[in-house]
Amino acid sequence: MPVVRRSLDRRGLDRHASVPLQRLARILIGFVAIALAFSFAGFGNILSSLATIGAAATLAIGFALQDVLKNFVAGIFIFTDKPFRIDDWIEFDGNEGVVEDISLRVTRVRTFDNELLTVPNSVLTDGVIKNPVAKEQLRLQFLFGIGYDDDIDKATDIIIEEAEAHDGILEDPAPTVRLTELGDSSVGLKSRFWIAQPKRSDFVKVRGEYVKSVKERFDEEGIDIPYPNRTLSGSLDVSGYEAVADD
């Protein structure tokens with residue numbers, strides 16, 4: 006409704022807050038309009054009777070619509086607590102995507118495969134939601150594996166230098182590298198760095214470019230990124246070969 010929308014806009018509410026309020030306002034205005042129409046038409050007694058019947062019906066419907074009411078209450082919590090907003094990238098129950106719409110019953114999330122998920126609000130409030138873009142900065146990390154014969158300090162310097170040279174990676178907080186594991190075939194150096202535009206498209210692009218540049222420097226400097234390998238030991242018993250040889 007234009008009047009309600011303008012009123013909410015004047016108060017500086019964003020889409021996250023204004024969309025559910027506009028829908029609720031339409032429902033309330035429709036209910037009040039029907040009640041006033043009955044009253045002006047002289048059906049006050051009928052209206053009172055209908056109110057009593059409506060109360061009983063509401064109780065019965067309430068039991069039948071517990072899941073709907075649960076989602077409605079969850080929608081109110083999402084509206085007040087703001088664990089995410091429209092256009093945020095969220096992860097939940099093995100799914101991830103961008104929030105397109107928040108209503109009082111469901112939230113619609115567009116996945117990165119362009120699939121639309123219609124999620125009951127209770128699913129989001131009862132579970133754990135990861136919101137990587139809740140802050141203005143996002144920390145990323147990547148584990149580089151180098152050979153046991155390679156120079157750890159040299160590899161660390163390359164990882165830091167390539168992070169500092171990338172325009173999408175912040176200088177403050179500064180990128181860091183830590184030796185985190187000694188694997189079966191490689192030494193693990195974990196790089197941690199921050200980006201200023203924490204949208205998934207930026208995150209994927211920056212990380213991909215950064216990892217590519219480190220790989221190219223490793224190749225130039227002769228630093229190996231070894232394949233996993235396994236050493237098998239033991240013996241193998243073979244029987245029946247005499248009969249095969251005789252045939």
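Numbering (my numbering), first residue to last: 6 to 252.
Yeah, the Cβ is synthetic: ideal placement off N, Cα and C, and Gly gets one too.
Original post:
Which whole-angstrom value describes the C-beta separation of F198 and A168, a residue pair presumed to lie in contact below a C-beta threshold of 8 Å?
Top reply: The beta-carbon distance between F198 and A168, rounded to whole angstroms, is 5 Å. This is short enough to meet the 8 Å contact definition.
**OP:** Just mark T112 as buried or exposed, buried being the case when its beta carbon has 16 or more other beta carbons within 10 Å.
**Re:** In summary, T112 is buried, with 16 or more beta-carbon neighbours lying within 10 Å of its beta-carbon over all protein chains present.
**OP:** Would you mind reading off the limits of the beta strand (DSSP E) that contains N119?
**Re:** Careful: N119 lies outside any beta strand (DSSP E) and carries neither H nor E.
**OP:** Would you tell me roughly how many angstroms separate the C-alpha atoms of D131 and D93, rounded to the nearest one?
**Re:** Put simply, the backbone Cα of D131 is about 19 Å away from that of D93.
**OP:** Go ahead and pull the three-state DSSP assignment for E96.
**Re:** Strand, per DSSP.
Original post:
Between P137 and R205, is the Cβ-Cβ spacing less than 9 Å?
Top reply: Inclusion of P137 and R205 in the CB contact set at 9 Å is warranted, their separation being smaller than that value.
Subject >> Residue range of the unbroken alpha helix (DSSP H) whose run includes E225 >> reply: Segment R205 to E226, the alpha helix (DSSP H) holding E225.
Subject >> Neighbourhood of D98 by C-beta, 8 Å cutoff - its chain only, sequence neighbours within 5 removed >> reply: Within the same chain, Cβ atoms closer than 8 Å to the Cβ of D98 are found at V128 and G132, the five residues on either side in sequence being excluded.
Subject >> Length of the line joining the Cα atoms of D207 and I228 >> reply: One Cα belongs to D207, the other to I228, and the distance between them is close to 28 Å.
Subject >> L194 burial status per 10 Å Cβ neighbour count (16 or more: buried) >> reply: Residue environment: L194 is assigned as buried (16 or more neighbouring CB atoms within 10 Å of its CB, all protein chains considered).
Original post:
Can the beta-carbon of F77 be found closer than 9 Å to that of L109?
Top reply: Yes, Cβ-Cβ distance for F77 and L109 is below 9 Å.
Subject >> Endpoints, the alpha helix (DSSP H) within which V138 is located >> reply: First-last for V138: undefined, no H or E at that position.
Original post:
With burial defined as no fewer than 16 other Cβ atoms inside 10 Å of the residue's Cβ, what is the status of V209: buried or exposed?
Top reply: By the 16-neighbour rule on beta-carbons within 10 angstroms, V209 is exposed.
**OP:** For N126, count neighbouring Cβ atoms within 10 angstroms of its own Cβ and tell me buried if that reaches 16, exposed if not.
**Re:** Buried: at least 16 other Cβ atoms inside 10 Å.
**OP:** Can you say whether R183 is buried or exposed, counting buried as having 16 or more other CB atoms within 10 angstroms of its CB?
**Re:** By the neighbour-count rule (16 or more Cβ atoms within 10 Å), R183 is not buried but exposed.
Original post:
Which whole runs of the alpha helix (DSSP H) in the region 143-197 are 4 residues long or more, in chain order?
Top reply: Listed in chain order, the complete alpha helix (DSSP H) runs (minimum 4 residues) inside the region 143-197 are 157-170.
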